[in-house]
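The structure appears right after this line, and notes come after that.
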Amino acid sequence: MRLTAHLLAACVLGALVLAPPGAAAQTGTPAAAVLVVRAAALIDGTSAGPRRNVDVLIRGERIAEVYAAGSRPLPAGARLIDLGGATLLPGLIDCHTHVFLQGEVPSAGGYDVQLLKFPASYRAVRAALAARRALEQGFTTIRDVETEGAGYGDVGIKQAINEGYIPGPRMFVVTRAISSTGGYNLEGYAPEIVVPKGAQIVDGPVEARKAAREQLDHGADWIKVYMTHRSWVDSSGALVSQPTLTVEELKAIVDEAHGWRRKVACHAYNGVGLQRALDGGCDSIEHGLDITDAQIAQMVRQGTWLVPTLAVYYYDPEPADTPEGQRDRARVALHGVSFRKALRAGVKIAFGTDVGGFVWSDPIAQEFAREVEFGMTPMQAIQSATSKAAELLDERGQLGVIAPGAYADLAAVAGDPLKDIGELKNVSFVMKNGVVFRNTGAGGN
Ligand SMILES: [Zn+2]
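Sequential numbering from 0 applies to the sequence shown in numbering that gives the first Met the number 0.
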């Protein structure tokens, strides 16, 4: 079965097609094939500028060679995929996604209804569709940072993708995530009623380490912790965030994860919680809305990554004359300043969006324009979602780069994303693992 644009559109509208085992490998070229992908421009993920008129030779699931277009005869049995005037890039990487969230539309029950009323099977089906949406948009790898009450559901989605039952990106999963009592939803219910929580709740270093062990045992590739929870604007107009885990609790988690050669992603907005995240040894700060100069210096010193997720905070602000509205506006105002300071200081920045926090039908690539707005060059923004993201994932040279030996994960756009970064919202060609998933460009075959 070859996936046409029409069929993809039908899937997006809800008619999920469940393929038989291994069918994903049959939707394009068999994985063992020899392919040459030709394009007028190549952004390889690491070089300072693009290359013109290239052929990318692919053998099986990996890139074999990159050379000037037509400078060598087509290898025997190879198929040429000529993308014409398109710009070819490494498959994109989103380091902060939630396939088990669907935009939390307040009129449809918001966050709580998902945990209280939706069957696990319903959430899993929608997560599978979200994974497909990522791949359609050229995101061939995601780090999915917690299931929001859906337990170890991400491990199953990843397994189904890897076994070819459903299409989707490579997934690095964190499973349940960890926070403290009073540190995560659901909340606001009568104290007599026990409600489910969107994260695993721990108190004390012993419980913290045990939760990390459980999650690693059940398939977590990363550990995700919450270091801040509620936030508000105080009487002086400053953004304040409630801290959650202590340094001792976080150190137990980080020590356990690092022992397994895994890393820890820390949700942290600012203040005490962000400071504890850095002192406790977090590998990546998620969001980092309001980072002080001293904290930025500490991030540089410790090699801590920033995964900023800029665009999501522009969604649905509360009315300006409410406390929540003031909070929403403070978040946006501070975030851009922090991002600029971090960029200037040389903090390592990887692309992340929090998609799922907004609906999967919106473009994931809207984040690139925010990165550029706050000081990145278009090439820096592209590298944040390719070679830099791969470095965060300990996949340097394997993912996020078009070079010999790397996995053949590719995306292409019709125009020049270095002139208009918005081009990345219209990916016309997607290959994962040497298999064409999508090719809607006029120049393709
Ligand atoms: Zn998130």
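Note that CB positions come from ideal geometry on N, CA and C, so glycine has one too.
From the DSSP output, which residues share a beta bridge with residue i?
{"i": "PHE138", "result": "LEU91"}
{"i": "THR86", "result": "ALA40 and VAL412"}
{"i": "THR96", "result": "ASP143 and VAL354"}
{"i": "ILE420", "result": "Paired residues: none, contrary to the question."}
{"i": "ASP220", "result": "Answer by DSSP bridge pairing: none, since ASP220 is not bridged."}
{"i": "TRP304", "result": "SER283 and LYS347"}
{"i": "PHE171", "result": "ARG142"}
{"i": "GLU521", "result": "The question about residue 521 has no answer here: the residues shown for the chain are numbered 0 through 444."}
{"i": "LYS431", "result": "VAL434"}
{"i": "TYR406", "result": "ARG61"}
{"i": "TRP231", "result": "VAL239"}
Buried or exposed: residue i, going by 16 or more other Cβ atoms within 10 Å of its Cβ?
{"i": "GLU247", "result": "exposed"}
{"i": "ASN52", "result": "exposed"}
{"i": "ALA133", "result": "buried"}
{"i": "LYS431", "result": "buried"}
{"i": "TYR66", "result": "exposed"}
{"i": "VAL426", "result": "buried"}
{"i": "LEU56", "result": "buried"}
{"i": "ARG330", "result": "buried"}
{"i": "GLU323", "result": "exposed"}
{"i": "ASN161", "result": "exposed"}
{"i": "ILE192", "result": "exposed"}
{"i": "GLU186", "result": "exposed"}
{"i": "PHE436", "result": "buried"}
{"i": "SER235", "result": "exposed"}
Quick one: what's got a C-beta closer than 6 Å to residue i's C-beta in the same chain, skipping five residues either side?
{"i": "ALA267", "result": "MET226, THR227, LEU273, ALA276 and ILE284"}
{"i": "ALA159", "result": "ILE165"}
{"i": "MET375", "result": "none"}
{"i": "VAL36", "result": "VAL55 and ILE80"}
{"i": "GLY108", "result": "none"}
{"i": "SER240", "result": "THR227, SER230, TYR268, ASN269, GLY270 and GLY272"}
{"i": "TYR314", "result": "PHE357"}
Can you list, in chain order, the residues of its chain whose CB lies under 7 Å from that of residue i, leaving out five sequence neighbours each side?
{"i": "VAL493", "result": "The question about residue 493 has no answer, for the chain in this structure spans 0 to 444."}
{"i": "GLY203", "result": "GLU248"}
{"i": "GLY446", "result": "Past the edges of the chain, shown from 0 to 444, lies residue 446, and the structure says nothing about it."}
{"i": "GLU366", "result": "LEU309, ALA310, PHE350 and THR352"}
Below 8 Å CB to CB, which residues in the same chain sit around residue i once its five sequence neighbours on both sides are set aside?
{"i": "GLY152", "result": "PHE99, ALA119, ARG122, ALA123, ALA126 and THR146"}
Query raised in the report: On the three-pair Cβ rule with 8 Å, is the segment 87-101 touching the segment 137-147?
Result: yes
Requested in this report: Would you be able to state if there are at least three C-beta pairs under 8 Å between the segment 218-237 and the segment 172-180?
Outcome: yes
**Report entry** Residues passing the C-beta test against ligand 1 heavy atoms, cut-off 6 Å
**Finding:** HIS95, HIS97, VAL144, ASP353 and GLY356
Query raised in the report: Counting Cβ pairs closer than 8 Å, one from the segment 400-407 and one from the segment 34-44, do we hit at least three?
Result: yes
Report task. Would you check if the segment 79-93 and the segment 371-389 touch, i.e. whether three or more CB-CB distances between them fall below 8 Å? Result -> yes
Report task. Take every Cβ of the segment 65-84, pair it with every Cβ of the segment 279-296, and state whether three or more of those distances are shorter than 8 Å. Result -> no
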